[in-house]
Structures are given as structure tokens and as C-alpha cells.
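FYI, numbering that gives the first Met the number 0 numbers position 106 of the sequence shown as 105, with every residue one higher than the one before it.
Working notes, structure below.
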Amino acid sequence: MKLLVFAVDLICPLILGYACRYQKKLGDNFFNKMILNNILVVCPVVSFLSFWVMPITREFLWLPVMSIALGFVPGAMAYWLAGRKYKDYREQGAYVMAASLGNLGTIGGICVFLIYGERGYAYQQIATLFQYVLMFMFCYPLARRYETKAEGKSGQKVSVISMLFSKKQLAVVGILLGGVLQCAGVPRPEVFSGVTQIFIHFGAWTGLIPVGYSIEISKIKKYWTSLFDLSFIKFAAAPAVIYGFSHLVIKSPDMLGSLLILSATPTAVNAVVTARLYKLSLDLSVAAFIVTTIIFLTMVYPFLFFVLAG
Numbered sequence: 000m001k002l003l004v005f006a007v008d009l010i011c012p013l014i015l016g017y018a019c020r021y022q023k024k025l026g027d028n029f030f031n032k033m034i035l036n037n038i039l040v041v042c043p044v045v046s047f048l049s050f051w052v053m054p055i056t057r058e059f060l061w062l063p064v065m066s067i068a069l070g071f072v073p074g075a076m077a078y079w080l081a082g083r084k085y086k087d088y089r090e091q092g093a094y095v096m097a098a099s100l101g102n103l104g105t106i107g108g109i110c111v112f113l114i115y116g117e118r119g120y121a122y123q124q125i126a127t128l129f130q131y132v133l134m135f136m137f138c139y140p141l142a143r144r145y146e147t148k149a150e151g152k153s154g155q156k157v158s159v160i161s162m163l164f165s166k167k168q169l170a171v172v173g174i175l176l177g178g179v180l181q182c183a184g185v186p187r188p189e190v191f192s193g194v195t196q197i198f199i200h201f202g203a204w205t206g207l208i209p210v211g212y213s214i215e216i217s218k219i220k221k222y223w224t225s226l227f228d229l230s231f232i233k234f235a236a237a238p239a240v241i242y243g244f245s246h247l248v249i250k251s252p253d254m255l256g257s258l259l260i261l262s263a264t265p266t267a268v269n270a271v272v273t274a275r276l277y278k279l280s281l282d283l284s285v286a287a288f289i290v291t292t293i294i295f296l297t298m299v300y301p302f303l304f305f306v307l308a309g
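So this is what it looks like as C-alpha cells:
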């Protein structure tokens, strides 16, 4: 059943979005508004409701740190390489976002669940929540910096406050409010469990349809063969660093295995969304999303499944 939901929530909206390229009634403005709906409505609501019930115990003490590392480690590697690989700031920014943002929420969740069940899924949920912290408070400001440089405004100072506290960072408010209610011991009404699921599925469709609409096979072909170094970062270098450090501080085999899988997830849709929002190289982002997803599903995850489940 979960595999069916995975296929419906991932493949169908991408196909629908790509099909929308062949109609003329809906243009770029419509799909940009669809993305903003996710940023301004879906993400804040889901973040608020999820953090409200997130258990804060000693068992999960290292998970927030390692969850941030899931994006920061590959992002730092890509940041060092991007300036040497690309001259265009928009390509540099898209490359760093593609490395930093892994598909923890959809692909990561199902892949962890298939091996470790509900316990692994719980670890994945916490990792996903903290990736939102990384995305809104680090990736978005960095993407804006690349956008500013690309527009020839590198000498212009950008206020840190204006980067962190704009309408695109509304999910941070949801995270903080949910965390406050959790720490205060306020129980979340059971009815909100269903609301969260509805918003998650709705967000998957409204987030992936614009991605499908953005796919131009003819334009992304030039990036396919140049993304082997990104694949090495995503599937080898970063997982080795993260797993090595995790092994020093975490003893639970289930938690270690879950972190290993999550550290090797392919480029997330959010990397494409970020590129679209901040006018980075959309073609590079989409190419990274497609190439790393294919490699993960056909080679990386089957290998991890054999090793961890065997």
C-alpha cells in the first residue's frame, strides 16, 4: 500500500505537470503561485502540527544534529566544488541546492520504512523536520545570495534579517509554535492527525506538478553527463562522513541504518523549487533530480536493502 502511495504521490503529479507543458491556458505564473501555496500554507501548517507531537527524549538527542548534517555535509562539499566547476552563479547555486537537499520526505520515508518499519519511519520524520530548518534558515538565504550575485549586485549588502524573516520562511514560525506547545505539554487533538495527512498529500501534488511542468528534456541533456561528481557526493562521500560520525555517538543499529539510508537519498524536489523561487539554473536542478533519483532507485537502494535487511 505504501509503495502504491509512493507511486501516486511521486510519479502521477510529475506526469501531470509535464503534460501541462502542452497546453496554453496555464502559464508560468500559475505554477509559481502553486509553489508559493506550498511555502506559505502547506509547509507552515505541516511543520506546526508535526513539531507539536515530536517527542523530545534522550534517545533522539543526536538526531537533530545528524539531521542537519544530512544536508550540511554534502552541501559544504558541493559549495567547495561548485565555484571551480561552474562560472555562472545560477549554476553554482543550483548545484549546491541539489547536493544539500535530499529527498528525505517521500523516497527516504518509504525506503526506511521497508527495512526498519515504524521505528525507522519515526527517525525519518524527525530528520525531515530538521531538514526544513536547514532549508528555510540556510538554503534559502544562500540561494538568495547566489541570485544576488548573478544579477550583478555582489557589492550590495543584503540584510541577514531580511533573508531569514521573509514570507518564504513562514514555516520557521510553524516549527517554533509547534515546539513551544510540545515543551508546554499541550496535547494535540486527535483530529489533527488526519489534517496532517491531507496536507502532506496535497503538498506532494502541488509541489511536484510545477516540477513536471519545468522539465525540458532538450535543455537538461547537457547536464546529465556532468553530474557524476554530484552523484559521488550524494551516494558515497557524504554518507561515509555522516555514518562514520554517527557510529561514534549512536549505538542503535536501527537508527544508524536509517541515517545511512537518509544520507544517501537523491536530490529532493525542494532543490528544484528553490531554484525556481530564486531564479537559479532550473535545468541543472531538474537534471540532478532525475539523474540522482534514477541512480538511487536502480542501484543505491537495492544495494543498501541487501546489506541492511540481509
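Backbone N, C-alpha and C define an ideal beta-carbon position, used for all residues, glycine too.
The structure displayed is predicted, hence computed values, not measured ones.
Sub-8 Å separation of residue i and residue j beta-carbons
i      : j      : result
LEU48  : GLY256 : no
LEU259 : ARG89  : no
SER225 : LEU69  : no
GLY107 : GLN124 : no
TRP61  : VAL248 : yes
VAL285 : TRP223 : no
ASN102 : THR297 : no
ALA121 : SER66  : no
VAL72  : ALA237 : yes
ILE219 : PRO12  : no
PHE288 : THR266 : yes
PRO43  : LEU169 : yes
ILE10  : ALA308 : no
7 Å Cβ shell around residue i - same chain, five flanking residues per side excluded
i      : result
TRP51  : GLY177, LEU180, GLN181, ARG187
GLY119 : VAL111, PHE112, ASP253, SER257
TYR300 : CYS110
VAL45  : THR195, PHE198, ILE199, GLY202
GLN155 : Annotation note: pLDDT 49 at GLN155 (below 50); position unreliable, no value reported.
TRP79  : none
ASN269 : LEU100, MET134
GLY74  : VAL95, ALA98, SER99
LEU15  : ILE208, GLY211
Residue from the options whose Cα sits closest to the Cα of residue i
i      : options                       : result
THR205 : LYS23, ARG20, GLN22, VAL40    : VAL40
TYR277 : LEU303, MET96, PRO238, SER230 : MET96
THR292 : LEU100, ALA236, ASP27         : LEU100
GLN130 : ALA149, ASN31, TYR115, VAL171 : VAL171
GLY92  : VAL64, ALA239, CYS138         : CYS138
VAL132 : PRO63, SER217, THR105, LEU307 : PRO63
PHE135 : ILE114, ASN37, TYR115, LEU303 : ASN37
PHE227 : PHE302, ILE294, GLY116        : ILE294
Own chain partners of residue i with C-beta closer than 8 Å, once the 5 adjacent residues on each side are dropped
i      : result
ALA77  : TYR94, VAL95, ALA97, ALA98, SER99, LEU229, ILE232
ASP8   : THR105, HIS200, ALA203, TRP204, LEU207
LEU25  : CYS19
VAL157 : Since pLDDT at VAL157 reaches only 48, below the 50 mark, its modelled position is unreliable, and the value read off the structure follows with that caveat. Correct list, in chain order: ARG143, ARG144, THR147.
Any non-hydrogen atom of the ligand MG within 7 Å of residue i CB
i     : result
GLY74 : Among the components of this structure there are no ligands whatsoever, and the ligand MG is therefore not found.
Own chain, CB closer than 6 Å to residue i, minus 5 neighbours either side, in chain order
i      : result
GLU150 : none
GLN31  : As written in the sequence, residue 31 is Asn, which differs from the Gln given in the question. Contacts found: none.
TYR242 : LEU259
GLY173 : PRO43, SER46, PHE47
MET33  : THR205, PRO209
LEU128 : SER49
Pairing CB atoms from the region 235-253 with CB atoms from the region 265-277, are three or more of them under 8 Å? no
Do three or more CB pairs link the region 14-31 to the region 208-216 at distances below 8 Å? yes
Pair every Cβ in the region 76-95 with every Cβ in the region 138-150, then say whether three or more of these pairs are closer than 8 Å. yes
Report the residue ranges of all alpha helix (DSSP H) runs contained in full by the region 10-58; include only those spanning at least 4 residues, in chain order. 27-36, 42-51
My parser needs the alpha helix (DSSP H) runs of 4 or more residues fully inside the region 271-301; what are they? 281-294
What are the start and end residues of each continuous alpha helix (DSSP H) run of 4 or more residues lying completely inside the region 91-145, in chain order? 108-133
Ignoring anything shorter than 4 residues, give me the alpha helix (DSSP H) runs that lie fully in the region 157-226, in order along the chain. 159-163, 169-182, 190-213, 216-223
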